[in-house]
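Engineer:
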Amino acid sequence: MQKAGRAGLAILNRPLSRAFPHSENPMNHLGSLTIYFCWIVLISGIWLIFFFRTSVSGAFDSLEYLSREQWYLGGIMRSLHRYASDAAIVLLLLHVVKEFSFDRYRSKRWFSWVTGLPLVWMLFPLGITGYWLVWDELAQYVAITSAELLDRIPIFTDSMAGNFLSDAALSDRFFTLMAFLHLVGLPIFLVFGIWLHVFRLSRPEINPPRRLMAGALIAMLVLSLVFPAQSQDKADLALAAQTLKFDWFYLHSYPLVQAWSPGWVWMLLIAISSLILLAPWLPPGKAQKPAVVSLDNCNGCKRCADDCPYGAITMAPRSDGNSYLHEAVVDANLCVSCGICVGACPTATPFRIRSELVPGIDLPARTASELRVAIGKVSSTLRGEGRALVFACRGSREAKRLSAAGEPFVEVECMGQIPPSYFDYVLSRDHADGIFLAGCADLGCRFRLGSDWTRQRIGRTRDPRLRKRIDDSRISMNWQESPGGNVLQRLVRFRAALKRAADEGVQ
Ligand code: HEM
Ligand code: SF4
Ligand code: SF4
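First residue of the sequence shown: 337, per this note's numbering; consecutive thereafter.
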């Protein structure tokens with residue numbers, strides 16, 4: 337299933353990666369875009385509240401007024417509200433497929449996955465109660481079918497469906513309850529739920545890049561102007577609606593209530609939810625050994641704690657009597673063994689020859705010392721002009737492609753694991769003419785922030801920085817395939833560029 341998910345996402349990503357730069361590709365911002373669309377829903381919803389009448393008789397007319405009389409503002413707000421809600425569902429679905437397909441939910445990473453599920457159980461009722469409030473024919477269908485579903489829950493003593501048998505039986509109070517849930521109750525829980533969902537992550541991306549936000553808003557506005565959201569005919573409980581324009585984003589399971597029965601639909605929903613809830617342990621992911629701190633080498637600079645994407649490092653008062661004030665402490669329950677902290681540690685330097693290469697923090701699965709040995713081994717196989725030393729992330733598609741093509745490379749957990757001093761070492765000690773970083777292309781870092789930190793360290797905007805003596809054009813960073821071709825094609829081009837540069841240097 338993960339393979340299928342990755343293939344599906346790659347198909348979707350192909351045109352998007354051509355149209356957008358890597359940093360603004362929507363596929364790399366699915367979670368934050370979902371939040372952004374929720375903001376559009378919230379803000380447009382606030383406008384609607386001013387005009388909406390929470391009564392069975394007034395609801396339909398108040399929305400009709402907005403769509404027809406105040407189409408230039410209220411009508412647009414209404415359309416934005418609807419289309420942004422639909423977009424949030426599409427992005428949410430893609431977000432879940434992506435996290436699942438790239439195995440970002442097992443072992444120590446279970447928390448965001450498990451706390452994601454309640455968000456789904458809030459988002460769908462939010463949309464469904466929204467359709468209810470329009471009080472048109474679709475709302476009537478939604479209300480009756482929802483009531484049938486709710487009637488199956490043993491806590492409701494009276495039949496809810498009975499509320500909808502006639503206009504007389506339908507109380508404004510019940511309608512007001514739905515309005516309360518839609519306008520206040522569920523949104524508050526959703527905001528709290530999103531906070532819980534990301535609170536264990538360090539620097540979660542809450543807002544997508546600005547240009548992406550602007551583009552998404554413009555797209556929604558154009559859609560709203562071209563296809564304004566409209567009500568269907570007013571609800572009439574004496575008549576059954578003949579044809580309904582259906583919203584499959586929110587109501588996809590409703591036809592099943594009639595086709596099967598409410599009981600079966602509940603069973604299906606509970607089964608799918610249970611499967612999602614248990615997914616991180618079906619089977620449990622293999623946890624690598626967490627990062628370890630060597631107090632003899634840690635100077636308490638805090639860089640590892642700043643760069644750890646999972647908030648697994650805290651700085652504690654020194655416990656070994658050393659004159660430095662602080663020491664790094666790793667929480668083994670949070671550490672996902674990405675190695676990004678090693679890339680941040682100023683003591684992880686391969687130039688050390690007198691003492692053993694033990695940095696302040698290290699990854700047992702691939703130590704800084706082993707990394708230096710691997711560099712030596714791979715670089716000894718490079719011949720001729722345009723020698724490029726390749727680094728690739730373990731288990732990535734790029735690593736597999738390189739292996740299949742017989743290209744030697746140095747394997748790392750994440751590009752963020754390589755301290756910039758290693759690039760300096762490779763180039764200044766003539767282990768290679770250039771460095772080719774084959775990062776996880778297409779859909780971003782297997783962990784989080786690894787590609788961002790690497791770019792910034794090489795670009796000398798984040799500590800530890802690449803030393804100035806190194807010509808950074810000799811380091812090729814590759815995190816996106818299209819339009820530059822796959823990793824092998826890019827590597828061929830990089831080698832040719834290195835060769836050209838060498839030839840020009842000779843002349
Ligand atoms: C309203 C719905 C949701 C929103 C707004 C949302 C938003 C986010 C955001 C902003 C992040 C952080 C991205 C980053 O900075 O790297 C994230 C991560 C994540 N989300 Fe969601 N999410 C939602 C629903 C879900 C659901 C339903 C699931 C799965 C059942 C899920 C699974 C995950 C996972 C596994 C991560 C990444 C954790 C990691 O990297 O270890 N999310 N989400
Ligand atoms: S290995 Fe990754 S998750 Fe673990 S402490 Fe280092 S940066 Fe944090
Ligand atoms: S980056 Fe290295 S030296 Fe600095 S606090 Fe972390 S382990 Fe210690």
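Here a beta-carbon is modelled for each residue, glycine too, at the ideal position from N, C-alpha and C.
These figures come from a predicted structure and were not determined experimentally.
1. Write down every uninterrupted run of the beta strand (DSSP E) in the region 726-805 whose length is 3 residues or greater and which is fully enclosed by it, in chain order.
2. Taking the alpha helix (DSSP H) that Ser421 falls in, what are its first and last residues?
3. Can you tell me whether DSSP reads Glu286 as helix, strand or coil?
4. Nearest CA to the CA of His358: which residue from Leu834, Asn814, Ala833?
5. At the level of alpha carbons, what is the spacing between Gln476 and Trp383?
6. Using the three-state DSSP reduction, which class does Asp642 fall into: helix, strand or coil?
7. Since Ile697 sits in a beta bridge, which residues does DSSP pair it with?
8. Could you tell me how far apart the beta carbons of Asp583 and Asp472 are, in whole angstroms, since I believe they sit closer than 8 Å?
9. Quick check on the burial criterion: 16 or more other C-beta atoms within 10 angstroms. Buried or exposed for Ile649?
10. Could you tell me the alpha carbon to alpha carbon distance between Leu850 and Gly394, rounded to whole angstroms?
11. By a C-beta neighbour count over all protein chains shown, 10 Å radius and 16 as the cutoff for buried, is Arg442 buried or exposed?
12. If I measure Cβ to Cβ from Pro526 and keep anything under 6 Å in the same chain, skipping five residues before and after, which residues do I get?
13. When you compare the CB positions of Ala652 and Ala684, do they come within less than 7 Å of one another, or not?
14. Would you report the Cα separation of Ile711 and Val628, rounded to the nearest angstrom?
15. Would you mind working out which of Val828, Leu763, Asp643, Arg805 sits nearest Gln792, comparing C-alpha positions?
16. What does a CB cutoff of less than 7 Å around Arg418 pick up in its chain, not counting 5 residues either side in sequence?
17. Can you tell me whether Arg639 sits near ligand 3, meaning its C-beta is under 6 Å from at least one heavy atom of the ligand?
18. Going by the CB atoms, is the gap between Ala768 and Ser812 shorter than 7 Å?
19. Tell me whether Asp839 sits in a helix, a strand or coil according to DSSP, three-state version.
20. Work out the CA separation of Leu428 and Ser560 for me, nearest whole Å.
21. Confirm the yes/no value for this check: CB of Ser448, any heavy atom of ligand 2, distance under 6 Å.
22. For Val672, which option in Val709, Gly344, Glu749, Phe511 has the closest C-alpha, if you only look at C-alpha atoms?
23. Check this for me: beta carbons of Leu345 and Lys434, under 7 Å apart or not?
24. Would you call the CB atoms of Ala424 and Phe460 closer than 7 Å?
25. Are Glu360 and Arg547 close, meaning C-beta to C-beta below 7 Å?
26. Among the residues of its own chain, which have a CB less than 8 Å from the CB of Thr451, if the five just before and after it don't count?
27. Return yes when the Cβ of Ser421 is within less than 7 Å of the Cβ of Pro544, no when it is not.
28. Go to Ile811, then tell me how far its alpha helix (DSSP H) extends in each direction, as first and last residue.
29. Distance, Cα to Cα, Phe396 vs Gln406?
30. Can you give me the Cβ contacts of Gly801 inside the same chain, cut-off strictly under 8 Å, excluding the 5 residues immediately before and after it?
31. Pick from Ala680, Ile771, Ser597, Asn349: whose alpha carbon is nearest that of Ser486?
32. Where do the ends of the beta strand (DSSP E) carrying Pro653 lie?
33. Tell me whether Ser705 counts as near ligand 2, meaning its Cβ is closer than 6 Å to at least one heavy atom of that ligand.
34. With a threshold of 7 Å between beta-carbons, can Ile542 be considered close to chain D, or not?
35. Per DSSP, which residues does Ala724 bridge with? Please list them.
36. Is the region 757-777 touching the region 828-836 in the sense that three or more CB pairs, one from each, lie closer than 8 Å?
Structural biologist: With the given structure in hand:
1. 746-748, 770-774
2. Numbered from its first residue, the sequence shown carries residue 421 at position 85. Note, Ser421: alpha helix (DSSP H), 412-437.
3. Because the chain here runs from 337 to 843, residue 286 falls outside it and cannot be looked at.
4. As a working note, residue 358 is residue 22 in the sequence shown. That would be Asn814, whose Cα lies nearest to the Cα of His358.
5. Position 140 of the sequence shown, counted from the first residue, corresponds to residue 476. Position 47 of the sequence shown, counted from the first residue, corresponds to residue 383. Distance between the alpha carbons of Gln476 and Trp383 is about 24 Å.
6. Taking the sequence shown and counting its residues from 1, one reaches residue 642 at position 306. Here Asp642 sits in helix by DSSP.
7. Looking up residue 697 in the sequence shown gives position 361. Beta-bridge pairing links Ile697 to Val629.
8. Counting from one through the sequence shown, the residue named residue 583 turns up at place 247. Counting from one through the sequence shown, the residue named residue 472 turns up at place 136. Not really, about 12 Å apart at Cβ, beyond 8 Å.
9. The residue labelled residue 649 in the question sits at position 313 within the sequence shown. Ile649 is buried by the Cβ-count criterion.
10. Since the first and last residues shown for the chain are 337 and 843, residue 850 lies out of range.
11. Counting from one through the sequence shown, the residue named residue 442 turns up at place 106. Arg442 comes out buried.
12. Here residue 526 refers to the residue found at position 190 when the sequence shown is read from its first residue. According to the sequence provided, residue 526 is Leu. The question's Pro does not apply to it. Cβ neighbours of Leu526 beyond the five flanking positions: Met458.
13. Here residue 652 refers to the residue found at position 316 of the sequence shown. Here residue 684 refers to the residue found at position 348 of the sequence shown. Result no, Cβ atoms of Ala652 and Ala684 do not sit closer than 7 Å.
14. Taking the sequence shown and counting its residues from 1, the one referred to as residue 711 is at position 375. Taking the sequence shown and counting its residues from 1, the one referred to as residue 628 is at position 292. Approximately 22 Å, taken between the alpha carbons.
15. For the purposes of this step, residue 792 is taken as residue 456 along the sequence shown, with counting starting at 1. Of Val828, Leu763, Asp643, Arg805, the residue nearest in Cα terms is Asp643.
16. The count along the sequence shown starts at 1 and reaches residue 418 at position 82. Same-chain partners within the cutoff: Ala565.
17. Taking the sequence shown and counting its residues from 1, the one referred to as residue 639 is at position 303. Yes - ligand 3 has a heavy atom lying nearer than 6 Å to the Cβ of Arg639.
18. The count along the sequence shown starts at 1 and reaches residue 812 at position 476. The count along the sequence shown starts at 1 and reaches residue 768 at position 432. No, Cβ-Cβ distance for Ser812 and Ala768 is not below 7 Å.
19. Position 503 of the sequence shown holds residue 839. Helix, per DSSP.
20. Position 224 of the sequence shown, counted from the first residue, corresponds to residue 560. Position 92 of the sequence shown, counted from the first residue, corresponds to residue 428. C-alpha separation (whole angstroms): 21 Å.
21. Here residue 448 corresponds to residue number 112 of the sequence shown, with the count starting at 1. The answer is no for Ser448.
22. If you number the sequence shown from 1, residue 672 lands on position 336. Measuring from the Cα of Val672, the nearest candidate turns out to be Glu749.
23. Sequence index remark: in the sequence shown, residue 345 carries index 9 (1-based). Sequence index remark: in the sequence shown, residue 434 carries index 98 (1-based). A contact, by the Cβ cut-off of 7 Å.
24. Residue 424 sits at position 88 when you count from the first residue of the sequence shown. Residue 460 sits at position 124 when you count from the first residue of the sequence shown. No; because the gap between Cβ atoms is not below 7 Å, this pair is not in contact.
25. The residue labelled residue 360 in the question sits at position 24 within the sequence shown. The residue labelled residue 547 in the question sits at position 211 within the sequence shown. In this structure, Arg547 lies closer than 7 Å to Glu360 by Cβ.
26. Working through the sequence shown from its first residue, we reach residue 451 at position 115. Excluding sequence neighbours, Thr451 sits near Gly529, Leu532, His533.
27. On the sequence shown, residue 544 is found 208 positions in, with the first residue counted as 1. On the sequence shown, residue 421 is found 85 positions in, with the first residue counted as 1. Cβ distance not < 7 Å, so Pro544 and Ser421 don't count as in contact.
28. By one-based count along the sequence shown, residue 811 stands at place 475. Here Ile811 belongs to no alpha helix (DSSP H); instead the beta strand (DSSP E) covers 811-814.
29. Position 60 of the sequence shown, counted from the first residue, corresponds to residue 396. Position 70 of the sequence shown, counted from the first residue, corresponds to residue 406. Cα to Cα, the separation comes out at about 15 Å.
30. As a first step, residue 801 must be located in the sequence shown, where it is residue number 465. The sequence as given places Arg at residue 801; Gly does not occur at that position. Once the five neighbours on either side are set aside, the close Cβ partners of Arg801 are Pro756, Arg793.
31. Walking along the sequence shown from the start, residue 486 turns up at place 150. Sequence inspection shows Leu at residue 486; the Ser mentioned does not correspond to that position. It is Ser597.
32. Counting from 1 along the sequence shown, the entry for residue 653 is found at position 317. Run containing Pro653: 649-653, per the beta strand (DSSP E) assignment.
33. Taking the sequence shown and counting its residues from 1, the one referred to as residue 705 is at position 369. Not so, every heavy atom of ligand 2 lies at least 6 Å from the Cβ.
34. The structure shown contains no chain D, having only a single protein chain.
35. Within the sequence shown, residue 724 is the residue found at index 388, counting from 1. Gly770.
36. yes
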